[in-house]
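Asker: Position 303 of the sequence shown, counted from 1, bears residue number 295 in our numbering, the numbering being contiguous throughout. Here a beta-carbon is modelled for each residue, glycine too, at the ideal position from N, C-alpha and C.
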Amino acid sequence: MEKEVILSESEIKKQFDYMSQVKTLIGTGKKVYIRTFGCQQNEADSEKLLGMAETMGYTPTDKSGQADLILVNTCAVREHAELKALSISGEYKHCKADNPQLIIGICGCMVSQEHRVKDIKNRYPYVDFLLGTTLIHRFPEILFKTLTEKKRNFWVSPETSVIAENLPVSRVPGAVEAWVSVMYGCNNFCTYCIVPYVRGRERSRNPEDVIKEVDSLIKNGVKSITLLGQNVNSYKPLSKPGYGFPELLEDLCKLDGECVIGFMTSHPKDATAELVEVIAKHPPATGKVGISRRFHLPLQSGSDRILKAMNRHYTLEKYMSLVENIKRRIPGVSLTTDIIVGFPTETEEEFRQTLDAVRRVRYDNIYSFIYSKRKGTAAAAMEGQIDERVKGERLRRLIDLQSEISKENNVRLENLTVRGLIEGVSKTSPEKMTARTADGKLIHFTGNPEDAGKCGLFLIEKAESHELFGSLVKTEDI
Ligand code: SAH
Ligand code: SF4
Ligand code: F3S
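Shown next as structure tokens:
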């Protein structure tokens, strides 16, 4: 297995040299359009791609038709995500007809699979380059070569376990929320999952680099930071033996300023009592750095037989005792989870065990997925694939159950006053504003967009399954 390597300063300098060469080559007025699919890891990667593109002189546009460079950052976790990315990439063919100088690049998890690379090479001749997830730091180089050599480039090896620090990152100016990757890749090989194949092996950033980045975000007014990793609990920096994720959280809570630190995702097999204690010890508070009360703990299935077939390394009872400890030690915690329905051979009885588990935990929210066969994973080759109709029906029953539970959980907040961070204008109803509680619940209220970034006290007037409606009682200036 390959060992992780922190890229040397000279390697990074090489990429900066490519950035200045591209800048000279393209001149002024060029635009970049980035379309992102998938999880927060991909959103974070897109911020890096945009950071590098801006350094090369491109300005961002939200209209693909006006772009001189289009990047599609793809996801491969379910078939639906791949088909969507492919169909969108197909649409950009027309942009190229209008602007023959346009460069189209596809990045992200989908292009780290051999069969997709072959497919795109043959069937999408207007795609100029493919760049795998573990190579995104070489984006300036691949763009330079594509522009100068006038040939297509496919750089897709997923096994290069490198960490690139000090590349430009473009975050939305003035945003109060940010993502910070603490580790990359995954070693768990859950039998349904493509991620370890497309993101390479686990590798952790140095704590000093993470702490420096978080500190500078807090100094710039960011109030909510989510630490990212496929399994943050296996955070293990090479430079500091014995130092793990609880130690990192502890160190981040020593920083000055006010900020809520969240994280995703935490694998139940590795969530230790020590982790729970660190979270318990640092609640979010005025004037302090604290840890979010939202705890995302993917269950996947309530059946021990299916959990074993998924290679999850925990039993339902082990998961439940973890949940009990979390609820006991972190008052007001909001638990959320991921569940897959219709894993190969899942019986009606085993699916009911999942429903029972959901009733026992009473999550605030669940992300439920129909099992999707991923080429090259162990589960794809298993006998007993479940009929699509049965999978759809199980998903509907699970969603109905969770909607009831979410609503019952939220209704308890009606007529109470809760604290929330004001995020800004609502994405769904522009006449409203939104705020987020420390446990991740969304509050809609009528207010002043200039209050974004402040904390406020809200009287909750009405609760639905997925949102709260309230009024702002007062803001707290920080
Ligand atoms: N590393 C994270 C998960 C990343 S993928 C973790 O372990 O929690 C996010 C979610 O997608 C998974 O938790 C799982 O519920 C779902 N998922 C992954 N592969 C899938 C597949 N083949 N079909 C359906 N859902 C899948
Ligand atoms: Fe996929 Fe499992 Fe790794 Fe999560 S822990 S990314 S579900 S293999
Ligand atoms: Fe998708 Fe890759 Fe994330 S497969 S879910 S974008 S790690």
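1) Spatial neighbours of L17 within its chain, please: CB distance less than 8 Å, with the 5 preceding and 5 following residues excluded, ordered by chain position.
2) The beta strand (DSSP E) that contains T66, what's its start and end?
3) What would DSSP say about E(-6), mapped onto helix, strand or coil?
4) Let me make sure I understand the geometry here. Which of E250, E200, Y189, A371 has the alpha-carbon closest to that of Q222?
5) Only counting the same chain, and skipping five residues up and downstream in sequence, which positions put a Cβ closer than 6 Å to that of I470?
6) With DSSP as the reference, label S293 as helix, strand or coil.
7) Starting from the C-beta of V473, find all residues in its chain whose C-beta is less than 7 Å away, skip the five residues before and the five after it, and write them out in chain order.
8) Rounding to the nearest angstrom, what Cα-Cα distance links A77 and S258 in this structure?
9) Any heavy atom of the ligand F3S closer than 7 Å to the Cβ of Q105?
10) Could you check which residue in H436, K113, D431, M425 has the C-alpha nearest to that of E476?
11) What's the call for T429, buried or exposed, on a 16-neighbour Cβ count within 10 Å?
12) With three or more beta-carbon pairs closer than 8 Å as the criterion, would you say the segment 429 to 439 touches the segment 396 to 414?
13) Quick one: residues in its chain with C-beta nearer than 8 Å to the C-beta of V385, no 5 flanking neighbours on either side, listed in chain order?
14) By a C-beta neighbour count over all protein chains shown, 10 Å radius and 16 as the cutoff for buried, is A349 buried or exposed?
15) Mind reading off the beta-carbon distance from L41 to I96? Whole number of angstroms is fine, and I expect it under 8 Å.
16) Candidates E423, K466, N401, T420: which alpha carbon is nearest K454's?
17) If you reduce the DSSP assignment to three classes, tell me which class C101 lands in.
18) To which residues of the same chain is Q33 closer than 6 Å at the C-beta, ignoring the five residues directly before and after it?
19) From the DSSP secondary-structure annotation, give me the bridge partner or partners of L127.
20) Restricting to runs no shorter than 4 residues, where is the alpha helix (DSSP H) found entirely within the segment 183 to 218?
21) Could you tell me if I391 is buried or exposed, where buried requires 16 or more neighbouring beta carbons within 10 angstroms of its beta carbon?
22) Just to confirm the assignment, what range does the beta strand (DSSP E) spanning I253 have?
23) Below 8 Å on the Cβ atoms is my contact criterion, and I expect V315 with P276 to pass it. Report the Cβ-Cβ distance as a whole number of Å.
24) Would you say F181 touches the ligand SF4, meaning its beta carbon is less than 7 Å from a heavy atom?
25) From T461 to L408, what distance separates their C-alpha atoms?
26) In angstroms, rounded to a whole number, what distance separates the CA positions of G57 and V64?
27) Is it buried or exposed, H274, if we count other Cβ atoms within 10 angstroms and call 16 or more buried?
28) Is it the case that the Cβ atoms of T337 and P160 are separated by a distance below 8 Å?
29) Just checking I332 against the ligand SAH - is the residue's beta carbon closer than 7 Å to any of the ligand's heavy atoms?
30) To the nearest angstrom, how far is the alpha carbon of K15 from that of G166?
31) Closer than 6 Å by C-beta to E157: which residues in its own chain qualify, once you throw out the five before and the five after it? Chain order, please.
32) Report the partner residues of Y25 according to the DSSP bridge assignment.
33) Helix, strand or coil for V382 per DSSP?
34) Determine whether the beta carbon atoms of R351 and S326 lie at a separation below 8 Å.
35) Can you give me the Cβ contacts of S395 inside the same chain, cut-off strictly under 6 Å, excluding the 5 residues immediately before and after it?
36) Return the bridge partner residues of F121 from the DSSP annotation.
Answerer: Taking the coordinates as given:
1) F136, L139, T140
2) Counting along the chain, the beta strand (DSSP E) containing T66 begins and ends at 61 to 66.
3) Reliability of the predicted coordinates at E(-6) is poor, the pLDDT of 47 falling under 50, and the value obtained from them is presented with this limitation in mind. If DSSP states are grouped into helix, strand and coil, E(-6) belongs with coil.
4) Y189
5) For I470, the pLDDT reaches just 49, beneath the cut-off of 50, and the residue's location in the model is therefore unreliable, although a value from the coordinates is still provided. Result list for I470: E250, in chain order.
6) coil
7) Because residue 473 is not part of the residues shown, which for the chain are -7 to 470, the question remains open.
8) 27 Å
9) no
10) Residue 476 lies beyond the residue range present for the chain, which begins at -7 and ends at 470; the question has no answer from this structure.
11) buried
12) Touching, yes, given that three or more Cβ pairs across the two stretches are closer than 8 Å.
13) With the sequence shown as reference, residue 385 is identified as Glu, and Val is not the correct amino acid for it. Taken in chain order, the list of residues that qualify is empty.
14) buried
15) Actually they do not touch by this definition, with Cβ atoms about 14 Å apart.
16) N401
17) Here C101 carries a helix assignment [DSSP, helix/strand/coil].
18) L220
19) Per DSSP, none; premise fails for L127.
20) For the segment 183 to 218, whole alpha helix (DSSP H) runs of length 4 or above, ordered along the chain, are 187 to 191, 199 to 211.
21) exposed
22) 251 to 256
23) In fact, because the Cβ distance is near 21 Å, the residues do not count as touching under 8 Å.
24) Within the cutoff, so yes.
25) The sequence shown places Phe at residue 461, rather than the Thr named in the question. Those two C-alpha atoms are separated by around 12 Å.
26) 14 Å
27) buried
28) no
29) yes
30) Each residue's alpha carbon lies about 26 Å from the other.
31) Contacts found: D201.
32) I62
33) Residue state, collapsed to three classes: helix.
34) no
35) S457
36) G97, N145
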